[in-house]
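Okay, structure first, notes after.
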Amino acid sequence: MVDSDQRPGPTPSAAAERPAEPAKTRRRGRRRNRYIATPLLLISANLVLFATFFVWPAAIGLAYSFTSYTGVGPAPFVGMENYLHLFQDDQFYAAVVRTLIYTGCAVPMIFVASLGVAYLLISPYAKGKPVARAIFFIPWLISPIIAGVIWRWIFGENFGLANFIITEFGGKAVPWQSNANLSLVVVLIATTWGNTAFNMLIFTAALKNVPTAYYEAAELDGAGAWQKFRRITLPAIAPTSFIVVLLTTLNSMKEYPLFKAINGGGPGNENNLVVQYIYNTGFRRAQIGYASAASFVLMLILLVIAGMQLMVNRRMESGQQ
Amino acid sequence: MTVDTRKPPTLRRTRKAAKTGDVPRKFFSSSVMWLLAIVYGFPVLWFVLSSLKPTGDLFTYPLTLFPKHFTFSGYEKAWTSFNFAQYFLNTLIVATAATVLTIVASAASGYALAKYNNWWLKGFAVCILATTMLPGETILPSLFVVIRDIGLYNSLAGVVVPAVITATGTFMFRQFFVTVPNDLLEAARIDGSGELSTFIRIMLPLSRPIMLTLAIISFQWRWNDFLWPLVILNDPHQFTLQIGVASIVGAENVNWSVLLGASVLSMIPLVLIYLVFQRYIMNADINAGLKD
């Protein structure tokens, strides 16, 4: 199917366009036309993959979302029923709200942690940076599942180190597992810990590019450390901050493995996020049609969030100039 | 530096003042950094040391940082009670294959985006960027149907192939090839080198650092992948490490001794790779791939 779709593509179109183009701009057109087959060949792998694993699933996913397809047999058309059902489903609603709460907390935490660590790592005052940098980078090597296991081990209710220390100091054991909100706090700690390293790398690259002359000028004017950070560093790295916020938001919205390892979405269903909801309905209960509808709602939410962030970013950029 | 301004500005003392002004700042910055480093490093240390404790000591209060008796029994149990060697092999196959294919596909399209300016290449660039904005999770059920219809369900190839296309990789290479002077390309053309052979023989070798950076990133992604392998792989013989470990966590009564051993084992390969190749990731201008 894939092959028959894509293979004949490159050669005939390249051959067909060659004589047709020069009609427009003779010189430039001819110069461009010399290179059609090569770039097409170079992008062919990604082009085929994009068509097969992105366009095709998106198209049939949209189609399935109007059916009650179960993965086998026919896919009966049910119109808007999946979507109507979805908006009346308390569990889905709860999952969306929980995902937004999680993202709303995780993004600022990851942002502050990674920017703070990056700032310390390029500071000329801190000592022992190479070793510290290696330590900060370890969590990047650890998968979300294992990271979840590590934090679950520390925050175990009856056996964890955290509760051991709390009880040693005369406190009462904290229900890290059986209280939904506390359980979410554990996930937030774990996600901050796990996502600092990569964003820190992005920030370090940006921080190194801030011209030192700015800082020197500010120092002459008597600016303090915080003022320098607030007035020079933050505006200078704004484009990078935007990328970090956008990517972290998208990643947080589709979090699942960390929850899987720390609390399995529990206690009960309280920490089920949207992706887990999609997984459970689509693959546990084989409601592909219904899960496709849920996926499309997730896609729309992501689009809206990304669009809003782009708009805010654009406004801030135009405001600065 | 603000500390200095309070000191009397005598000529002789300026150097000394700058030094004494630096000491508190050095102390402050270093201690904050090291405090954070401990916060980030300690969980792993605690976890690894716990995995060396005998099962009985795992839960007996008071907890101690170092095991009273070192034992590898957790590792042994993890290795024998699961098909762990098979999981390792599967994960290795998936990560290696996906990494090699990702590098080839990303280098080729990144080069095309950097050195040719056909109008449809710009459209293609937007399409690639869209894959970041709308990740696979948003089309999970239908992507599964596609993989099944192609006949890749329950096979490692089904895990590898959709993962090959990445915006990060493509744009990392694009960014790099943009910095390679066009003169080089023109010179090769004048010498009669074909377009493809210029790419393979001149451009690809130049991009070695980018290849290595992407190789590490891609290997880490695929090694640690969970959801997609979980959806695609059904047969325990095909499981990857992450699914294997997750199945231990998902059990009614978590066997912590086995879980700790299995988790530590699954981390070892990436730690080794990192130790060997760390400069390619630590010195990489990572924003190059993402900003654009």
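Residue numbers (numbering that gives the first Met the number 0), protein chains in the order written: chain W, 0 to 320; chain S, 0 to 291.
Ideal placement from N, C-alpha and C gives every residue a C-beta, glycine not left out.
{"Check": "Would a check of beta-carbon distances place W:Asn180 closer than 8 angstroms to chain S?", "Outcome": "no"}
{"Check": "Against W:Ile153, what residues of chain S qualify as contacts under a CB-to-CB distance less than 7 angstroms, listed in chain order?", "Outcome": "Pro42, Trp45"}
{"Check": "State the DSSP-derived secondary structure class of W:Thr190, mapped to helix, strand or coil.", "Outcome": "helix"}
{"Check": "W:Phe76 by DSSP, collapsed to three states: which one?", "Outcome": "strand"}
{"Check": "Note down, in chain order, each residue of its chain lying with its Cβ closer than 6 angstroms to the Cβ of S:Ala124, except the 5 sequence neighbours on either side.", "Outcome": "Leu112"}
{"Check": "So which residues of chain W does S:Arg24 contact, with C-beta pairs closer than 7 angstroms?", "Outcome": "Tyr124"}
{"Check": "Using the Cα positions of S:Tyr279 and S:Ile216, report the straight-line distance between them to the nearest angstrom.", "Outcome": "10 angstroms"}
{"Check": "Is the shortest distance between the beta-carbon of W:Leu297 and the beta-carbons of chain B less than 8 angstroms?", "Outcome": "Of the chains in the structure shown, none is chain B; the protein chains are W and S."}
{"Check": "Could you tell me the alpha carbon to alpha carbon distance between S:Arg91 and S:Lys52, rounded to whole angstroms?", "Outcome": "Looking at the sequence shown, residue 91 of chain S is not Arg but Leu. The alpha-carbon atoms of S:Leu91 and S:Lys52 are separated by roughly 28 angstroms."}
{"Check": "Below 7 angstroms on C-beta distance, what does W:Leu99 contact in chain S?", "Outcome": "Within 7 angstroms Cβ-Cβ: nothing; W:Leu99 doesn't reach chain S, min ~16 angstroms."}
{"Check": "Could you pull out every residue in the same chain whose Cβ sits closer than 6 angstroms to the Cβ of W:Ala74, ignoring the five residues on either side in sequence?", "Outcome": "Thr66, Tyr68"}
{"Check": "Bridge partners for W:Thr195 per DSSP, in chain order?", "Outcome": "Note: W:Thr195 sits in no beta bridge, so no partner."}
{"Check": "Between which two residues does the alpha helix (DSSP H) harbouring S:Arg188 extend?", "Outcome": "181-189"}
{"Check": "Under 8 angstroms Cβ-Cβ, which residues of chain W neighbour S:Ser29?", "Outcome": "Tyr124, Ala125, Lys126, Gly127"}
{"Check": "Shorter than 7 angstroms, the distance from the beta carbon of S:Arg207 to the closest heavy atom of the ligand GTP, or not?", "Outcome": "This structure simply doesn't include the ligand GTP, nor any ligand for that matter."}
{"Check": "What do you reckon, are the CB atoms on W:Thr247 and W:Asn198 nearer than 8 angstroms?", "Outcome": "yes"}
{"Check": "Do S:Ile127 and W:Pro56 count as a contact pair if the criterion is CB distance below 8 angstroms?", "Outcome": "no"}
{"Check": "Thinking W:Ile144 and S:Ala250 are a contact (beta carbons under 8 angstroms), I'd like their distance in whole angstroms, please.", "Outcome": "Going by Cβ atoms, the distance from W:Ile144 to S:Ala250 rounds to 14 angstroms, so no, they are not a contact pair."}
{"Check": "Output, in sequence order along the chain, the residues in the segment 117-128 of chain S whose CB is closer than 8 angstroms to any CB in chain W.", "Outcome": "Asn117, Leu120, Phe123, Cys126, Ile127"}
{"Check": "Mapping DSSP to helix, strand and coil, what is S:Thr98?", "Outcome": "helix"}
{"Check": "Could you tell me which chain W residues have their CB closer than 7 angstroms to the CB of S:Ile138, listed as they occur along the chain?", "Outcome": "Pro56, Ala57, Gly60, Ser294"}
{"Check": "Between S:Gln219, S:Gly191, S:Ile189, which lies nearest to S:Ile267 when the distance is taken from Cα to Cα?", "Outcome": "S:Gln219"}
{"Check": "If we ignore side chains and look at the alpha-carbon of each, how far apart do W:Gly28 and S:Val99 end up?", "Outcome": "For W:Gly28, the predicted model reports a pLDDT of 45, less than 50, meaning its position is unreliable; a value from the coordinates is still stated below. Cα to Cα, W:Gly28 sits roughly 36 angstroms from S:Val99."}
{"Check": "Across which residues does DSSP place W:Thr66 in a beta bridge pair?", "Outcome": "W:Phe76"}
{"Check": "Reducing DSSP to helix, strand and coil, say where W:Arg283 ends up.", "Outcome": "helix"}
{"Check": "Just checking: is the beta-carbon of W:Val95 within a distance shorter than 8 angstroms of some beta-carbon in chain S?", "Outcome": "no"}
{"Check": "I want to know whether the segment 256-275 of chain S touches the segment 179-199 of chain S - three or more CB-CB distances under 8 angstroms.", "Outcome": "no"}
{"Check": "Measuring only the C-alpha atoms, how far is S:Ala77 from S:Thr54?", "Outcome": "13 angstroms"}
{"Check": "So S:Gly122 packs on S:Phe176, CB below 8 angstroms; how close in whole Å?", "Outcome": "Not a contact, Cβ separation roughly 19 angstroms."}
{"Check": "Tell me the residue span of the alpha helix (DSSP H) that contains W:Asn250.", "Outcome": "237-252"}
{"Check": "Assign S:Glu251 to one of three DSSP states: helix, strand, or coil.", "Outcome": "coil"}
{"Check": "Taking Cβ-Cβ distances shorter than 9 angstroms, what residues in chain W pair up with S:Ala107?", "Outcome": "Leu40, Leu41, Ile42, Ser43, Ala44, Asn45"}
{"Check": "Could you pull out every residue in the same chain whose Cβ sits closer than 6 angstroms to the Cβ of W:Val274, ignoring the five residues on either side in sequence?", "Outcome": "Lys253, Tyr255"}
{"Check": "Determine the closest residue to W:Leu297 out of S:Asp21, S:Lys67, S:Pro134, with distance taken between C-alpha atoms.", "Outcome": "S:Pro134"}
{"Check": "Tell me, to the nearest whole angstrom, how far the beta carbon of W:Leu183 is from that of W:Trp175; I am working on the premise that it is less than 8 angstroms.", "Outcome": "That pair is no contact at about 10 angstroms."}
{"Check": "Measure the Cβ-Cβ separation of S:Thr131 and S:Ala166 and say whether it is below 8 angstroms.", "Outcome": "yes"}
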